[in-house]
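Trainee: Below is a structure I'd like to ask you about.
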Amino acid sequence: MIKRALTIYRKARKGVDDTPLKYSLKAVALLKASREFRYPLSFDEALKLFPRAKARLLEAAILVDLPRADPSLYLPRACSRLVSNSELKDRIVVKAFTQVIKAKRI
Numbered sequence: 008m009i010k011r012a013l014t015i016y017r018k019a020r021k022g023v024d025d026t027p028l029k030y031s032l033k034a035v036a037l038l039k040a041s042r043e044f045r046y047p048l049s050f051d052e053a054l055k056l057f058p059r060a061k062a063r064l065l066e067a068a069i070l071v072d073l074p075r076a077d078p079s080l081y082l083p084r085a086c087s088r089l090v091s092n093s094e095l096k097d098r099i100v101v102k103a104f105t106q107v108i109k110a111k112r113i
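Take 8 as the starting number for the sequence shown in the working numbering and just add one per residue.
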């Protein structure tokens, strides 16, 4: 994935002299590569890796033709966060059991 991100970045930075835009291109190249490899990397995570990228992120996303994220990639991560939260986990288990009981009655 890193090699692909570097390839995307090298291709996109040709002809770009603006330093803030180059920082943004790094983050967007990583995002694009992660989406090609179906890895759920969020904008916030990319910005943590490249904090200076915030300034021109939208322009870089348009320049690189960043595809929209597939929400299904983020479901396993969201579910694991819900389950790891003990308060929510208890409520989720109770809700699941109630749904199973209701389904058996029907």
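For every residue, glycine included, the Cβ atom is placed at its ideal position computed from N, Cα and C.
In this text the structure is predicted, and so the values were computed from the model without any measurement.
What residues in its chain sit with their C-beta under 6 Å from that of A53, if we drop five residues either side in the sequence?
Mentor: Correct list, in chain order: A34, L37, L38.
Trainee: Need the endpoints of the alpha helix (DSSP H) that Y30 sits in, please.
Mentor: Taken as a continuous stretch (DSSP letters only), the alpha helix (DSSP H) holding Y30 covers 26 to 43.
Trainee: With a threshold of 7 Å on Cβ separation, who are the neighbours of M8 within its own chain once the five nearest residues in sequence on each side are excluded?
Mentor: Around M8: A40, S41, F44, Y46.
Trainee: Which first and last residues belong to the alpha helix (DSSP H) in which P83 is found?
Mentor: That run of the alpha helix (DSSP H) goes 82 to 91.
Trainee: Quick check on D72: does DSSP put it in helix, strand or coil?
Mentor: Coil, per DSSP.
Trainee: Could you check the C-alpha separation between R75 and L56 for me, to the nearest Å?
Mentor: R75 and L56: Cα-Cα distance of roughly 20 Å.
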